[in-house]
Amino acid sequence: MTETSSMFRARLLADVGGTNARFAWQREPGAPITDVHVLRCAEHESLQAAIHAYLRLIGQAAPATAAIAIANPVTGDEVRMTNHHWAFSQRQVCDEFGFSTWRLINDFTALALALPVLPAADLRQVGGGIAQPGAPIGLVGAGTGLGVSGLLPDGRGGWIPLEGEGGHVTLPAQTPRERLVMDGLVRRYGHASAERVTSGQGLLDTFDLLCEADAADWAGIATAAEVTEAALAGRHAQAVEALDIFCACLGSVAGNLALTLGARGGVFIGGGIVPRLGSAFERSSFRQRFEAKGRFQTFLSAIPVWVITSSQSPALMGVSRALDALS
Numbered sequence: 050m051t052e053t054s055s056m057f058r059a060r061l062l063a064d065v066g067g068t069n070a071r072f073a074w075q076r077e078p079g080a081p082i083t084d085v086h087v088l089r090c091a092e093h094e095s096l097q098a099a100i101h102a103y104l105r106l107i108g109q110a111a112p113a114t115a116a117i118a119i120a121n122p123v124t125g126d127e128v129r130m131t132n133h134h135w136a137f138s139q140r141q142v143c144d145e146f147g148f149s150t151w152r153l154i155n156d157f158t159a160l161a162l163a164l165p166v167l168p169a170a171d172l173r174q175v176g177g178g179i180a181q182p183g184a185p186i187g188l189v190g191a192g193t194g195l196g197v198s199g200l201l202p203d204g205r206g207g208w209i210p211l212e213g214e215g216g217h218v219t220l221p222a223q224t225p226r227e228r229l230v231m232d233g234l235v236r237r238y239g240h241a242s243a244e245r246v247t248s249g250q251g252l253l254d255t256f257d258l259l260c261e262a263d264a265a266d267w268a269g270i271a272t273a274a275e276v277t278e279a280a281l282a283g284r285h286a287q288a289v290e291a292l293d294i295f296c297a298c299l300g301s302v303a304g305n306l307a308l309t310l311g312a313r314g315g316v317f318i319g320g321g322i323v324p325r326l327g328s329a330f331e332r333s334s335f336r337q338r339f340e341a342k343g344r345f346q347t348f349l350s351a352i353p354v355w356v357i358t359s360s361q362s363p364a365l366m367g368v369s370r371a372l373d374a375l376s
């Protein structure tokens, strides 16, 4: 195979979030995904700059084909990220790199596409029974933001991925303390979305609002990671409560999605936060709130939930599958 034909078949893959951009290389359709590198978005002025940096890093010229998952709605040529300052024209990116085949899809749509092929070793079940084959599947995930997607059966043995912004639904607060947080978020942001609690910044905001309400000392805790660390160590009461509110609200959101989709095929939890919680997530209020839907508690109790624990971003596999669908 000549170098020219090799570059024509090669694929640049990426999973771009509000904090990190994960890039990878695929030599040809169906080949293993290799050369995975994580670049911090804040260290690059634009998506194009990050792509150039990655190609220099692996010593490759731009291939003819690229597919990118991005933490943002994709509604036209112009894209402006919700949780980062990057903005770009899809057409101009293709012109700059010479991409003749290009896919840009929501990051959780990409992750949804990878769900049917995730190995069991990359999943940890949190309650429920056995998934029903061919039934709808739900997906939520907390990181810099809150992603929501799912898969619907297409009637031919395949799947139709959902592309939406379910993370921005109104926060399903249920307890007085959650309503206290919700009121504080409304004061700060005008709208208390689910993402305002079930995300990294949301975890920090919840901790901040609880400390404010209780006149408690912040104890030098200034990041979501520090809130999580303090909560898991049990060394700060408001941190412990903030993490449980995070898990409880995520359970409510996931349960709402399961009911909306009839997700008897199961619900998957992605994103960067929950996998780091380990067994603490299983001991949290997540599962109780997932099932707390009155007359439909029995329906939901049978639905399995899996935490995605893959070390490599499954969305990279998802965007590769999105390219396969064009063939």
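Residue numbers (this note's numbering): 50 to 376.
C-beta atoms are modelled at their ideal positions from N, C-alpha and C, and glycine is treated no differently.
I'd like the list of long-range same chain contacts for residue i, defined as Cβ closer than 6 Å, with 5 residues on each side in sequence excluded.
i: VAL218; result: ALA243
i: SER350; result: GLU340
i: THR35; result: Nothing can be reported for residue 35, as the shown portion of the chain is limited to 50 through 376.
i: ARG58; result: GLU77
i: ALA180; result: GLY314, GLY315, PRO353
i: PHE148; result: ALA115
i: LEU172; result: TRP355
i: LEU195; result: GLY216, ALA243, GLU244, THR247, SER248
Among residues of its own chain, excluding the 5 on either side of residue i, which ones have a beta-carbon nearer than 7 Å to its beta-carbon?
i: MET50; result: Since pLDDT at MET50 reaches only 47, below the 50 mark, its modelled position is unreliable, and no value is offered.
i: PRO363; result: LEU160, ALA163, LEU167, ILE357
i: ILE107; result: TRP74, ASP84
i: ASP266; result: none
i: CYS143; result: TRP151
i: THR193; result: GLY66, GLY67, THR68, ALA120, ASN132, SER248, GLY249
Distance cutoff 9 Å, beta carbons only. Does residue i sit that close to anything in chain B?
i: PRO168; result: Here chain B cannot be found, since the structure has a single protein chain.
Give me, in chain order, the residues of the same chain whose beta-carbon lies closer than 8 Å to that of residue i; leave out the 5 immediate sequence neighbours on both sides.
i: GLY36; result: Beyond the ends of the chain as shown, which are 50 and 376, falls residue 36; an answer cannot be given.
i: LEU62; result: PHE72, ALA73, TRP74, GLN75, ILE82, ALA115, ALA116, ILE117, LEU365, VAL368, SER369
i: GLY199; result: ALA161, PRO185, ILE186, GLY187, LEU188, PRO210, LEU211, LEU306, LEU310, ALA312
i: CYS298; result: LEU220, PRO221, ALA222, GLU227, ALA243, VAL246, THR247, ARG338
Between the Cα of residue i and those of the options, spot the shortest distance and give me the residue it belongs to.
i: PRO343; options: GLY304, GLY207, ALA374, LEU365; result: The residue asked about is misnamed: residue 343 is Gly in this sequence, not Pro. Ranking the options by Cα distance to GLY343, first place goes to GLY304.
i: ALA120; options: GLY321, VAL354, ALA374; result: GLY321
i: ILE117; options: LEU308, GLY194, ASP156, ALA110; result: ASP156
i: VAL197; options: PRO182, GLY249, PRO122, GLY251; result: PRO122
i: LEU281; options: GLU261, GLY327, LEU153; result: GLY327
i: GLN250; options: CYS143, ALA191, GLY283; result: ALA191
i: ALA268; options: THR255, ALA286, LEU252, ARG152; result: ALA286
i: THR247; options: LEU259, HIS101, PRO221, ARG237; result: PRO221
i: THR272; options: GLY283, LEU252, VAL289, ASP263; result: LEU252
Pop quiz: residue i and residue j are said to be a contact at Cβ under 8 Å. What is the actual Cβ separation, rounded to whole angstroms?
i: ILE100; j: PHE146; result: 7 Å
i: LEU229; j: ALA264; result: Rounded, the Cβ-Cβ distance is 13 Å, inconsistent with contact.
**Request:** May I ask you to verify whether the stretch 288-298 touches the stretch 155-164, counting CB pairs closer than 8 Å and requiring at least 3?
**Result:** no
Notebook entry, point to check: Taking three-plus beta-carbon pairs below 8 Å as touching, is the stretch 224-233 in contact with the stretch 326-340?
Noted result: no
Let me know the beta strand (DSSP E) ranges lying completely inside the stretch 91-162, each 3 residues or longer, listed in chain order. 114-119, 127-129, 136-138, 150-155
Any 3 or more C-beta pairs closer than 8 Å across the stretch 65-73 and the stretch 121-138
yes
Next on the checklist: Report the start-end ranges of each alpha helix (DSSP H) in the stretch 280-314 that is 4 residues or longer and not cut off at the edges.
Outcome noted: 286-310
If you scan the stretch 174-260 from start to end, which runs of the beta strand (DSSP E) of 3 or more residues do you find wholly inside it? 186-191, 195-202, 208-210
Task: Every unbroken beta strand (DSSP E) inside the stretch 57-93 [3 residues or more] - done: 60-65, 69-75, 82-89
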